[in-house]
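Worksheet: one structure, shown below.
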Amino acid sequence: MNFSYSEKTIELQQKLTAFMDEFVYPNEKIFDEQLNAQENRWAQNPPIMEELKAKAREKGLWNLFLPDSELGAGLTNIEYAPLCEIMGRSLIGPEVFNCNAPDTGNMEVLVRYGTQAQKKQWLEPLLDGEIRSCFAMTEPDVASSDATNIESSIISDGDAYIVNGRKWWTSGAGDPRCKVAIFMGKNDPNAAQYEQQSMILVPLDTPGVKIERMLSVFGYDHAPHGHAEITFDNVRVPAENMLWGEGKGFAIAQGRLGPGRIHHCMRLIGAAERALEEMCIRVQQRTAFGKSIAEQGVIREWIAESRIDIEQARLLTLKAAYMMDTVGNKEARAEIAMIKVTAPNMALRVIDRAIQAFGGAGVSGDYTLAAQWANSRTLRLADGPDEVHRNQIARLELKKYAAHGKGN
Ligand SMILES: Cc1cc2nc3c(=O)[nH]c(=O)nc-3n(C[C@H](O)[C@H](O)[C@H](O)COP(=O)(O)OP(=O)(O)OC[C@H]3O[C@@H](n4cnc5c(N)ncnc54)[C@H](O)[C@@H]3O)c2cc1C
1202 MNFSYSEKTI ELQQKLTAFM DEFVYPNEKI FDEQLNAQEN RWAQNPPIME ELKAKAREKG
1262 LWNLFLPDSE LGAGLTNIEY APLCEIMGRS LIGPEVFNCN APDTGNMEVL VRYGTQAQKK
1322 QWLEPLLDGE IRSCFAMTEP DVASSDATNI ESSIISDGDA YIVNGRKWWT SGAGDPRCKV
1382 AIFMGKNDPN AAQYEQQSMI LVPLDTPGVK IERMLSVFGY DHAPHGHAEI TFDNVRVPAE
1442 NMLWGEGKGF AIAQGRLGPG RIHHCMRLIG AAERALEEMC IRVQQRTAFG KSIAEQGVIR
1502 EWIAESRIDI EQARLLTLKA AYMMDTVGNK EARAEIAMIK VTAPNMALRV IDRAIQAFGG
1562 AGVSGDYTLA AQWANSRTLR LADGPDEVHR NQIARLELKK YAAHGKGN
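Using our numbering, read the sequence shown as starting at 1202 and increasing by one per residue.
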């Protein structure tokens, strides 16, 4: 395995780091202030975001996630990993470069499975950062970590499909720029288990689509992006909105979640790296009981453990990325599952230590630590709970020794 960075990556790393320092970190507070100044936090994306996006695009720091070289930067996963890490250092970072979830996953679905007409209508404005999209899979009424449980329906009716169901945790749907959902539902409950599901594009302005409420995450509303509970009541969409074909929903979900999962992990490494950096600075600036906080043995242990944690997680991320690039997402599924468990738990440990070292300031809104902790915690659930990934890892591990089983 060769984890050395390509020339292209090194150049982009330098450009991205300079951009983050000059434009992103100094504007995090301005983003919050502009959002808070709006009477309705969901009314529009703070103008600073559009300004930053225009600057990033001008500098060629745009759509870096997309391996397709005609539409995106044409980077492999291993080339993208260190760049995505840099963006993840700020919660507003990924959108500045049009590299934020769930749009990245949705764009990849459209690139891979979309028809020319679907690409023209939805992919192009997404790649331009003009509209946003959401992914509606999870349902409040069933255990959605098992996607075969999904109960929503997509029923063929002449030249259209009729979509019904209730979804929640549909991230990004609160944004007024969010125009389309990739909706997952059953089109044939009698088909083979993994062929009952389909995915269809549902424009959010179609009659019958209703945002019931926005959910909060530990009290954060994540406006203007947010997480919605949405009802779909006899929503009629043209038949040509079907993605790939009837019964392909599960296959698309699997393809979509591979890169999406590892991107979350890369961002989490960036979040942890920034927390460690801030902790190291803070503890050298403050004195308690006659000596610098940095001189306390326990603080030094937290710093050392955090460095070890980050390095381990980064290496596993790079290994997973390397395998995705060389043997494919399917063969890399154990590594993807391993890093999806490791990265959020690692980030939580590192950020929690930084919060403690910051004292009361750590849980306040004055620093990004509290919001980054809350975000990291959601990633032990989103894109599959830890337990489901561990289960898969154990299954693959046991399979290696299946010949030794008693077969009962
Ligand atoms: C902030 C946030 C954003 C999200 N964004 C989206 C989005 O954009 N689109 C979308 O469709 N969904 C989204 N989700 C939903 C997320 O993917 C689901 O919450 C997740 O898949 C779990 O499904 P569930 O909530 O129905 O939990 P359930 O399926 O009810 O599971 C509950 C718990 O049961 C346990 N469990 C389940 N299976 C096993 C097992 N095999 N072994 C051991 N224990 C098990 C786990 O501890 C699990 O956490 C988001 C969630 C959050 C919190």
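By construction, the Cβ of each residue, glycine as well, lies at the ideal position given by its N, Cα and C atoms.
Q | Distance CB(Phe1336)-CB(Thr1371) smaller than 8 Å | A | For the 8 Å CB-CB criterion, Phe1336 and Thr1371 form a contact.
(Q) Let me confirm a value: Tyr1314 is counted as buried when at least 16 other C-beta atoms fall within 10 Å, else exposed. Which label applies? (A) Tyr1314 is buried by the Cβ-count criterion.
Q. How should Tyr1281 be labelled, buried or exposed, when 16 other C-beta atoms within 10 angstroms of its C-beta is the threshold for buried?
A. Result: buried.
Q) Is Lys1368 buried or exposed, if buried means 16 or more other CB atoms sit within 10 Å of its CB? A) Classification of Lys1368: buried, given that the 10 Å Cβ count is 16 or more.
Q) If we ignore side chains and look at the alpha-carbon of each, how far apart do Cys1379 and Lys1520 end up? A) The alpha-carbon separation between Cys1379 and Lys1520 amounts to approximately 34 Å.
Q. Around the Cβ of Ser1205, are there at least 16 other Cβ atoms within 10 angstroms (buried) or fewer (exposed)?
A. A residue is called buried when at least 16 other Cβ atoms come within 10 angstroms of its Cβ; Ser1205 does not meet this threshold and is exposed.
Q: Indicate whether the contact test is met: 3 or more Cβ pairs, each with one atom in the segment 1467 to 1484 and one in the segment 1435 to 1445, closer than 8 Å.
A: Between the segment 1467 to 1484 and the segment 1435 to 1445, the count of Cβ pairs shorter than 8 Å is below three; the stretches do not touch.
Q. How long is the line joining the alpha carbons of Val1436 and Ser1507, rounded to whole angstroms?
A. Cα to Cα, Val1436 sits roughly 49 Å from Ser1507.
Q | Where Ile1453 falls, given that 16 or more other Cβ within 10 Å makes a residue buried | A | Flag for Ile1453 reads buried.
Q.
Taking 8 Å as the cut-off, does the segment 1377 to 1393 touch the segment 1353 to 1361 (at least 3 CB pairs, one atom from each stretch)?
A. Contact between the segment 1353 to 1361 and the segment 1377 to 1393 is present, because at least three Cβ pairs lie under 8 Å.
Q: Would you mind working out which of Val1310, Gly1563, Cys1481 and Ile1293 sits nearest His1426, comparing C-alpha positions?
A: Per the Cα distances, Ile1293.
Q) Any heavy atom of ligand 1 within a distance shorter than 7 Å of the CB on His1165? A) Residue 1165 is absent from the model: the chain starts at 1202 and stops at 1609.
(Q) Between Ala1424 and ligand 1, is there a pair consisting of the residue's CB and a ligand heavy atom that are separated by less than 7 Å? (A) It does not: the Cβ of Ala1424 is nowhere closer than 7 Å to a heavy atom of ligand 1.
Q) Among residues of its own chain, excluding the 5 on either side of Val1551, which ones have a beta-carbon nearer than 7 Å to its beta-carbon? A) Counting only Cβ-Cβ distances below 7 Å, and skipping sequence neighbours, we find Ala1473, Ala1476, Leu1477, Ser1507, Asp1510 and Ile1511.
Q. Leu1272 and Asn1264: beta carbons closer than 8 Å?
A. The beta carbons of Leu1272 and Asn1264 sit closer together than 8 Å.
**Q.** Cβ-Cβ separation, Ile1412 to Ala1429 (assumed contact under 8 Å), whole Å
**A.** In this structure Ala1429 is in contact with Ile1412, their Cβ atoms being roughly 5 Å apart against a cut-off of 8 Å.
Q.
Assuming Tyr1362 is part of the beta strand (DSSP E), what are its boundary residues?
A. Segment Ala1361 to Ser1372, the beta strand (DSSP E) holding Tyr1362.
Q: From the DSSP output, in three-state form, read off His1426 for me.
A: Here DSSP, grouped into helix, strand and coil, assigns His1426 to coil.
Q) Going by the beta-carbon positions, is the gap between Met1525 and Asn1278 smaller than 8 Å? A) Taking the C-beta atoms as reference points, Asn1278 is found nearer than 8 Å to Met1525.
**Q.** Closest by C-alpha distance to Asn1365, when choosing among Gly1529, Glu1396, Gly1471 and Gly1409
**A.** It is Gly1409 whose Cα lies nearest to the Cα of Asn1365.
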